[in-house]
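Have a look at the structure below before the remarks.
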Amino acid sequence: MLPSRTVAILSPEAIAAASRSADKLSLQNLQSKMKCDPESYEAELELIYKQFESSLELFQQQAALSFTSLSGIGADPTVAKDLGERAMFLAHMTQFYPKHLSDFPKQLADLLRTTAKSLPSSLRCQIAQAVILLINRKILAIGEMLALFMELQTLGDRMLKKLAYSHVVRFIQQMNKKHKDEAKNKPLQNVLFQMLQREEESIAKRSLVTLCDLHRRKVWSDDRTVNAICMACFHPSSRIMIAALSFLLDFEKIQDDDDSDASSSEDEATTPQPHVVLSREEVYKAHHKGTTASKKKKKAKLQRVMRSMKRQQRLNSEKTGPNYYSPLTKLKDAQGFAEKLFSRLQICNERFEVKMMMLKVIARTIGLHQLILLNFYPFLQKYVQPHQRDVTDLLAAAVQACHDMVPPDAVEPLFKQIVNQFVHDRSRTEAIAVGLNVVREICLRIPLLMTEDLLQDLVLYKKSHEKAVSSAARSLITLFRELCPSLLVKKDRGRPTDPKARPKAYGEVNVATDVPGAELLQQDDPGVDDASDFESDGISGSKDIESDDEAGVDVSDDDISLANNGSEDDMSAEDSEAETEDWGGSMIVEEGIEDEDSGDDEV
């Protein structure tokens with residue numbers, strides 16, 4: 001039995017496996033020893049380098065004779081494995097043997113650049129890792145390898161795509177960690193900008209995703225990057241345009257979709273995410289129905305929903321707040337961008353979701369930069385109907401596109417269309433509430449659109465039994481109490497802060513002639529003036545006494561008592577009573593002294 005066992009252990013497969021493991025172990029041991037003493041292992045390095053060159057030549061010959069497949073060439077896998085292992089070994093040793101391996105980095109980069117499409121997937125990843133190692137050790141420059149790594153992302157290999165993309169983003173992020181060096185960033189930006197302008201959809205998409213991610217991480221948040229992303233809205237490919245539009249609308253939620261499932265991810269990007277809603281029934285069930293374990297699960301789910309609702313409210317408040325940032329604020333030529341995108345919107349044949357995205361970007365650009373695009377409002381007027389798909393988004397875009405620099409005559413047809421289509425007796429309560437709210441928001445930006453007759457008709461909806469309608473009507477009343485109370489009926493005016501307030505005429509500008517609020521400092525305060533006068537009189541009297549003493553003039557007690565009597569006669573009766581109550585006995589003593597003085601005067 002013993003010989004048979006020995007034969008089983010020493011089979012050819014076991015011997016081959018043992019030799020491969022020993023070879024791998026020897027490479028690792030040799031690598032650690034060569035790092036400790038590089039000079040003693042120069043011969044071994046030259047031998048391994050020659051083995052790498054021979055393996056590379058053999059691999060290229062096998063590749064020329066064999067057929068290719070989707071995953072790479074059909075060469076011998078053992079040759080590819082040995083080539084990858086020796087490439088990684090030499091990449092680790094390049095730092096310690098710069099003279100012996102001076103041509104190796106360029107040779108490795110050329111191999112990846114010329115034969116990347118035909119290499120097996122595992123070998124591609126190993127060579128890419130070796131090149132990344134050389135870049136991290138500053139043997140190869142990232143500026144020379146950036147175009148190569150962007151090309152590697154378009155080969156259809158998911159592992160290689162993830163490796164190349166993460167390396168580019170992390171390297172640029174690490175480079176700008178302490179401070180932003182424009183001398184290093186500008187060449188890298190130029191490479192990505194040129195790729196973004198190419199007509200090849202795959203390479204342009206990868207460069208756009210990289211720029212958006214770096215901008216989202218606040219690594220490249222300058223004007224050049226923002227304008228390059230905005231110019232991607234005019235790319236011939238619809239996928240590039242959709243990705244750029246989605247970034248401009250919500251730049252924090254840019255999605256890095258794969259080429260295989262690009263269509264599905266585009267649909268997800270274009271459709272809005274549903275809002276989290278919490279019903280009373282769910283709250284009741286979480287606390288009163290089910291067993292203890294089920295209640296615990298329901299309460300945990302309830303807490304997750306509440307956290308998501310709070311997060312959603314916080315994001316909405318940040319968007320509507322004054323500190324909300326949008327990449328559109330850094331546009332250099334905002335008017336040209338809006339006009340060019342609007343002309344493309346008028347002639348494009350994309351689906352409705354894409355048109356809505358273009359319309360939102362145009363409206364947001366008009367509102368942020370206060371542009372004048374008069375043809376945009378009649379274009380919106382065609383779609384303003386209660387049964388229109390996504391009509392709330394259309395109305396929100398209409399509100400965003402209104403500002404005080406737009407002529408009221410250009411917006412008046414759209415304004416009347418909203419009132420006639422939404423606010424009437426036969427309309428649904430939801431439509432009436434939406435219409436009143438939109439009217440309020442438009443009038444907040446352009447108050448001259450509202451007339452007295454129209455406002456009185458809209459105010460009558462405050463008596464509606466529907467809470468949403470009555471609240472919208474009352475908010476409209478509150479707005480015009482501040483803007484123009486004269487348009488309201490007397491009973492609706494209440495007590496306005498400024499009864500004579502009126503909206504500014506179109507083009508009217510209030511020029512400030514003084515610091516705002518300075519008139520409050522100029523108001524007269526009687527108590528302060530009297531006290532200041534009293535103090536000034538006392539100070540002047542003391543100065544006179546001091547001057548008289550210095551001049552050698554004798555001042556009698558009679559003169560002092562007369563001066564006191566004169567000052568007391570000037571005081572009012574109320575002041576004397578208050579002083580009597582406060583001072584009490586001190587006033588009695590003063591009166592006694594005054595009586596004695598007056599008696600002396602009479603004598």
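Oh and the sequence shown: position 157 is 157 in the UniProt record's numbering, straight run, nothing missing.
Where a beta carbon is used, it is the ideal one built from N, C-alpha and C, also for glycine.
How many angstroms separate the CA atom of residue i from the CA atom of residue j?
i: LEU458; j: LEU483; result: 16 Å
i: ARG474; j: LEU380; result: 27 Å
i: LYS186; j: PHE171; result: 15 Å
i: ASN420; j: VAL384; result: 10 Å
i: MET357; j: SER246; result: 7 Å
i: PRO499; j: THR451; result: 18 Å
i: PHE89; j: GLN31; result: 7 Å
i: SER264; j: VAL391; result: In this prediction, SER264 has a pLDDT of 37, which is less than 50 and means its spatial position is unreliable; nothing more can be read from the coordinates.
i: residue 612; j: ASP213; result: Because the chain spans 1 through 603 in this model, residue 612 falls outside it and cannot be assessed.
i: VAL219; j: GLN173; result: 6 Å
i: LEU479; j: ILE362; result: 27 Å
i: GLY336; j: VAL438; result: 28 Å
i: VAL489; j: ASP453; result: 10 Å
i: GLN197; j: ILE229; result: 10 Å
i: ALA293; j: LYS330; result: 54 Å
i: TYR165; j: MET150; result: 8 Å
i: LYS285; j: LYS298; result: 8 Å
i: VAL515; j: GLN523; result: 15 Å
i: LEU163; j: GLY143; result: 17 Å
i: SER427; j: ARG440; result: 18 Å
i: LYS161; j: HIS369; result: 38 Å
i: ARG216; j: LYS289; result: 45 Å
i: GLN400; j: MET309; result: 25 Å
i: ASP250; j: ARG311; result: 16 Å
i: ILE347; j: VAL169; result: 37 Å
i: GLN194; j: MET231; result: 12 Å
i: SER279; j: SER464; result: 26 Å
i: GLU466; j: VAL434; result: 13 Å
i: PHE492; j: LEU460; result: Checking the sequence shown, residue 492 turns out to be Asp, not Phe. Taking the straight line joining both Cα atoms gives about 11 Å.
I'd like to check one pair, residue j with residue i: are the Cβ atoms closer than 8 Å?
i: GLN153; j: ARG206; result: yes
i: LYS462; j: ILE477; result: yes
i: GLN126; j: GLY156; result: no
i: PHE59; j: ALA43; result: no
i: MET175; j: PHE96; result: no
i: LEU208; j: PRO327; result: no
i: PHE422; j: PRO386; result: yes
i: LEU133; j: LEU188; result: no
i: LEU371; j: LEU359; result: no
i: SER237; j: ALA183; result: no
i: PRO408; j: ILE446; result: yes
i: ALA472; j: LEU448; result: no
i: GLU201; j: ILE139; result: no
i: residue 617; j: ASP222; result: Nothing can be reported for residue 617: it is not among the residues displayed for the chain, which extend from 1 to 603.
i: GLU46; j: HIS100; result: yes
i: THR365; j: ALA334; result: yes
i: LEU374; j: ALA338; result: no
i: THR429; j: ALA396; result: no
i: HIS403; j: GLY367; result: yes
i: SER55; j: ASP37; result: no
i: PHE234; j: LYS340; result: yes
Given residue i, which residues of its chain have a CB within under 8 Å of its CB, disregarding the five upstream and five downstream residues?
i: PRO496; result: ARG481, GLU482 and PRO485
i: PRO413; result: TYR377, PRO378 and GLN381
i: MET159; result: SER121 and CYS125
What does a CB cutoff of less than 6 Å around residue i pick up in its chain, not counting 5 residues either side in sequence?
i: ARG502; result: CYS484
i: LEU27; result: PHE89
i: ASN510; result: none
i: VAL191; result: LEU146 and ALA147
i: VAL226; result: PRO327 and LYS330
i: THR115; result: none
Could you check whether the Cβ of residue i sits closer than 7 Å to any heavy atom belonging to the ligand ATP?
i: VAL219; result: Ligands displayed in this structure: none; no statement on the ligand ATP is therefore possible.
Within its chain, find whatever has a CB closer than 7 Å to the CB of residue i; leave out the 5 residues flanking it on each side and keep chain order.
i: LEU487; result: MET450, GLU452, LEU455 and PHE480
i: LEU302; result: GLU282, VAL283 and ALA286
i: ARG86; result: ILE48, GLN51, PHE52 and SER55
i: ASP549; result: Bear in mind that a pLDDT of 45 at ASP549, under 50, signals an unreliable position, so the model cannot answer this.
Next item on the list: Can you check the segment 138-181 for any beta strand (DSSP E) of at least 3 residues that lies completely inside it and give the ranges in chain order?
Entry: none
Next item on the list: Pick out the complete beta strand (DSSP E) segments inside the segment 432-468, 3 residues or longer, and give them in chain order.
Entry: none
Checklist line | 3-residue-minimum beta strand (DSSP E) runs that sit fully inside the segment 337-371, ordered along the chain | finding: none
Check: What runs of the alpha helix (DSSP H), each 4 residues or longer, lie entirely inside the segment 66-124?
Finding: 77-93 and 104-115
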